[in-house]
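Novice: Here the sequence shown stands for residues 395 to 1020, numbered as in the numbering used here.
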Amino acid sequence: MGTAPDHAHRGDAAASASGSEAGDPLAIRFAPKAVLVDRRADGSILLRSPVPLTGCVDNIVSYLEHWAAAAPERIFLAQKAADGSWETLRYADAWHRVQAVAQWLLHQGLSDQTPIAILSGASLEHAVLVFAGMLVGVPVSPVSPNYTLLAQARPRLVEIAELLQPGLVFAQDAAQYKGARSVPLLAGAPWLSAAPGTDGVPTLASLYGTPVGPQVAAARRAVQSTTVAKILFTSGSTGAPKGVLNTHGMLCSAVQASGLLVANAQLPVGLDWLPWHHTVGGNATLHGILREGGTLYIDDGRPTPGEIGKTIANIRDVRPTSLLSVPSALQMLADAMEADDALREAFFSRLRRMTYAGASLPQEVWTRMQALAVRTLGQPIAFGAGYGTTETGPGISITHWPSQGGGEIGLPMPGLTIKLVPFEDRYEVRVRGPNVTPGYLRRPDLTAAAFDEEQFYRVGDLVQFANPAQPEDGLRFAGRLSENFKLSNGSWVATGELRLALVQACQPLVTDLVIAAPDRDDIRLMVWVHPAERQRAGGSADGELSPAAYAAIAARLVDRLQAHNRSNSGNTHRVAAFRILHTPASIGAGETTDKGYVNQRGVLQCRAALVDELYSAQPGPEVIRL
395 MGTAPDHAHR GDAAASASGS EAGDPLAIRF APKAVLVDRR ADGSILLRSP VPLTGCVDNI
455 VSYLEHWAAA APERIFLAQK AADGSWETLR YADAWHRVQA VAQWLLHQGL SDQTPIAILS
515 GASLEHAVLV FAGMLVGVPV SPVSPNYTLL AQARPRLVEI AELLQPGLVF AQDAAQYKGA
575 RSVPLLAGAP WLSAAPGTDG VPTLASLYGT PVGPQVAAAR RAVQSTTVAK ILFTSGSTGA
635 PKGVLNTHGM LCSAVQASGL LVANAQLPVG LDWLPWHHTV GGNATLHGIL REGGTLYIDD
695 GRPTPGEIGK TIANIRDVRP TSLLSVPSAL QMLADAMEAD DALREAFFSR LRRMTYAGAS
755 LPQEVWTRMQ ALAVRTLGQP IAFGAGYGTT ETGPGISITH WPSQGGGEIG LPMPGLTIKL
815 VPFEDRYEVR VRGPNVTPGY LRRPDLTAAA FDEEQFYRVG DLVQFANPAQ PEDGLRFAGR
875 LSENFKLSNG SWVATGELRL ALVQACQPLV TDLVIAAPDR DDIRLMVWVH PAERQRAGGS
935 ADGELSPAAY AAIAARLVDR LQAHNRSNSG NTHRVAAFRI LHTPASIGAG ETTDKGYVNQ
995 RGVLQCRAAL VDELYSAQPG PEVIRL
């Protein structure tokens, strides 16, 4: 049997700190702001948390075993059924199913060399299979559903299959995901499904009665910290899928480190749409809820004009205690709550912390959310920012204090060392610790290139100190190295930092923007306009804008960008022209991730013709010069 979890987590280092909201029994408790600093002669800086990394389990599934005994009837997971009700999975039932499926996996001869490919999104069945594989050392690999469902993304699925070479394929509905059978390495593997009716494909439910023998306990004992638990695919800035090896040691240390810095004063109830093939949803959220013995409701909504209504309905039902999402979702929720007092009251009835990830939070959104919190609770709410990568499981740093927005990413997680390497007026981020990946599946070349001479993982991001005189105030995100570029005069453009400043300058008019372009004379923009602004101008929430609506929105953007230019006269900050984009960023084309984070390089490549027109000496009427 595995090491038992430390169930005193509400009395750990985070809980010993004072709450952000004195007298509030639901307040989040934070560890003190502190950091250990080692300044080297070469200008690099090492940062470590003073909180020791203790109490790690040896297998994430150990938490499930504990809560199945301690709170067997408590709901672990819930998902929307076809009739709109919530289908639930209790801790005791989850533990029973996980063991039975684990035994079946061993009967099939699966091992650490035969990973499981999961092609569909978050579900109760998805979770059971993930934890069953992790229990007995069979790696699981959740893959973006879009790679199967979108024909234009199918080539990525082929590349992933060649790297993964799975021993088993799971899809929530095998008939819906039949497109994957065009990929030989997937078609040739055994399949499982949650939905009955596909010829020759057994259902996961049919395995729940499998008698559990001693093989399960033996396989569990053989799982080591270095055993691969998950393989998560990321394309980074190149577009080519990379299989990031997530070991058991990585995942266990990452979830424990976060809990040591931020403690819930109440049993967590989460509502989350973030996909499980991403490290934030599949690791941070799912494992974090499990560690705490809480309940996670799988949100069937998305932060899009057509899907946000589902999320709003689910908020009314669930009334979560915390919320982790991307800035675009928080912006849409703010819009909805400003127009609906009942929704606002439901949203803040138990909520005491909001965490954003995937992109920096515009200050305007932070201000609006705090105004709504004060209106409802009589006090601000604690905002948190997390920073990490798929290669770090995902933790690197966290704001274990109420964040003020503006690109804050906090201080190092316990057990991790951040190395800051000088890069002009910023620092390149490198990390080393128990939650850092050993490398990439079948790509020793990429693995070697990813680490420096001291075996620090090269994250590829830039940061600055929030206050150089007080390192304990934390770090701020300052862009990605791969997104920075030079103008024709050789001047560097700090893309991430500038993008955040421009998004904030254009609030609430825009949802995102892309900065163009390398080797040009000046900076020009391609802009996505907020759906509400499009409608206010007489256009639709998405799709082609009429010339009149385009002109009305452009006039408002001109005012915002000219104000920005008056305060930023240098050519690395000043905007010379812009255009409004009619179509959203495409997941299939690699312009954006499932979390909604825009791939700057991907957009510039896919929309090269628009970029060329943006810089043309005689552009069309949609290019607006400043």
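No residue lacks a Cβ here, since even glycine has one placed at the ideal position from N, Cα and C. The structure presented is a predicted model; accordingly, all values stated were derived computationally and were not measured.
Identify the continuous alpha helix (DSSP H) that holds Met-528 and give its terminal residues.
Specialist: Segment 518 to 529, the alpha helix (DSSP H) holding Met-528.
Novice: What's the C-alpha gap between Arg-433 and Leu-840?
Specialist: 29 angstroms
Novice: Here's a check: name, in chain order, each residue in its chain whose Cβ is nearer than 6 angstroms to the Cβ of Thr-867, leaving out the five neighbours to either side.
Specialist: It should be noted that the sequence gives Asp, not Thr, for residue 867. If we look at Asp-867 and ignore the five residues flanking it on each side, its Cβ neighbours are Ala-860, Asn-861.
Novice: For Asn-708, which residues in the same chain have their Cβ closer than 7 angstroms to its Cβ, ignoring the five residues on either side in sequence?
Specialist: Leu-665, Tyr-691, Asp-693, Gly-695
Novice: Thinking C-alpha only, which one of Pro-838, Phe-845, Ser-517 is nearest Phe-564?
Specialist: Ser-517
Novice: At which residues does the alpha helix (DSSP H) containing Lys-624 begin and terminate?
Specialist: Premise fails: Lys-624 lies in the beta strand (DSSP E), 622 to 628, not in any alpha helix (DSSP H).
Novice: Would you check if there are 3 or more beta carbon pairs closer than 8 angstroms linking the segment 671 to 684 to the segment 800 to 816?
Specialist: no
Novice: Give me the residue from Asp-915, Ala-659, Ala-751, Pro-756 with the minimum Cα distance to Gln-725.
Specialist: Pro-756
Novice: Within 8 angstroms, do at least three Cβ pairs link the segment 492 to 505 to the segment 529 to 545?
Specialist: yes
Novice: Alpha carbons only, please: which of Asp-487, Glu-818, Ala-428 is nearest the one belonging to Ser-438?
Specialist: Glu-818
Novice: Under the assumption that Thr-621 contacts Thr-641 (Cβ atoms under 8 angstroms), give the Cβ distance between them as a whole number of angstroms.
Specialist: 6 angstroms
Novice: Let me know the secondary structure DSSP gives Phe-742 once reduced to three states.
Specialist: coil
Novice: Where do the ends of the beta strand (DSSP E) carrying Ile-775 lie?
Specialist: Unbroken run through Ile-775: none, as it is neither H nor E.
Novice: For Glu-686, I'd like the list of residues in its chain whose CB is within less than 8 angstroms of its CB, leaving aside the five on either flank, ordered along the chain.
Specialist: His-403, Gly-653, Asn-658, Leu-661, Pro-662
Novice: Assuming contact is defined by CB atoms lying nearer than 8 angstroms, are Ala-971 and Leu-1020 in contact in what I supplied?
Specialist: yes
Novice: Could you tell me the distance, in whole angstroms, from the CA atom of Gly-982 to the CA atom of Ala-428?
Specialist: Between Gly-982 and Ala-428, the alpha-carbon positions lie close to 42 angstroms from each other.
Novice: For a quick check, are the C-beta atoms of Ala-496 and Val-617 less than 8 angstroms apart?
Specialist: no
Novice: CB-CB under 6 angstroms to Ala-588, same chain, minus the five flanking residues each way: which ones, in chain order?
Specialist: Glu-519, Gln-566, Leu-598
Novice: If you follow the alpha helix (DSSP H) that Gly-789 is in, where does it begin and where does it stop?
Specialist: Element bounds for Gly-789: not the alpha helix (DSSP H) but the beta strand (DSSP E), 789 to 792.
Novice: Can you round the beta-carbon distance between Thr-927 and Leu-903 to whole angstroms, since I take them to be within the 8 angstroms contact cut?
Specialist: A small correction: the amino acid at residue 927 is Glu; Thr does not occupy that position in the sequence shown. Sure, about 5 angstroms apart at Cβ, within 8 angstroms.
Novice: Hey, how far is the Cα of Leu-894 from the Cα of Pro-697?
Specialist: Taking the Cα positions, Leu-894 is about 19 angstroms away from Pro-697.
Novice: Which of the three DSSP states is assigned to Ser-940 in this structure?
Specialist: coil
Novice: Check each candidate in Leu-745, Ile-790, Ala-723, Arg-769 and name the one with the smallest Cα separation from Val-759.
Specialist: Ala-723
Novice: Kindly indicate which residue of Pro-446, Glu-802, Cys-900, Ile-554 has the alpha-carbon position closest to the one of Ala-872.
Specialist: Glu-802
Novice: Just tell me which of Arg-824, Gly-933, Leu-558, Gly-787 has its CA closest to the CA of Leu-372.
Specialist: Only positions 395 to 1020 of the chain appear in this structure, which leaves residue 372 out of reach.
Novice: From Pro-714 to Ala-740, what does the alpha carbon distance come to, in whole angstroms?
Specialist: If you draw a straight line from the Cα of Pro-714 to the Cα of Ala-740, it is about 9 angstroms long.
Novice: When you compare each of Ala-465, Ala-728, Asp-936 to Arg-769 by their alpha carbons, which one comes out closest?
Specialist: Ala-728
Novice: Can you give the Cα-Cα distance for Glu-938 and Asp-913, rounded to whole angstroms?
Specialist: 30 angstroms
Novice: What are the boundary residues of the beta strand (DSSP E) that Ile-917 is part of?
Specialist: 917 to 923
Novice: In angstroms with no decimal places, state the Cα-to-Cα distance between Thr-905 and Met-748.
Specialist: 19 angstroms
Novice: State the start and end residues of the unbroken beta strand (DSSP E) segment that holds Gln-1012.
Specialist: Looking at the DSSP string, Gln-1012 is not in any beta strand (DSSP E), and its letter there is neither H nor E.
Novice: Compute the distance between the beta-carbons of Ala-526 and Pro-560, then report whether it is under 8 angstroms.
Specialist: no
Novice: Less than 8 angstroms between the CB atoms is what I'm expecting for Ser-797 and Gly-778, so what's the real figure, rounded?
Specialist: 6 angstroms
Novice: Taking the straight line between their C-alpha atoms, what separation do you get for Gly-637 and Leu-810?
Specialist: Gly-637 and Leu-810 have their C-alpha atoms some 22 angstroms from each other.
Novice: What residues in its chain sit with their C-beta under 8 angstroms from that of Ser-392, if we drop five residues either side in the sequence?
Specialist: Nothing in the structure corresponds to residue 392, since the chain is present only between 395 and 1020.
Novice: State the Cα-Cα distance for the pair Gly-984 and Val-537, rounded to the nearest angstrom.
Specialist: 15 angstroms
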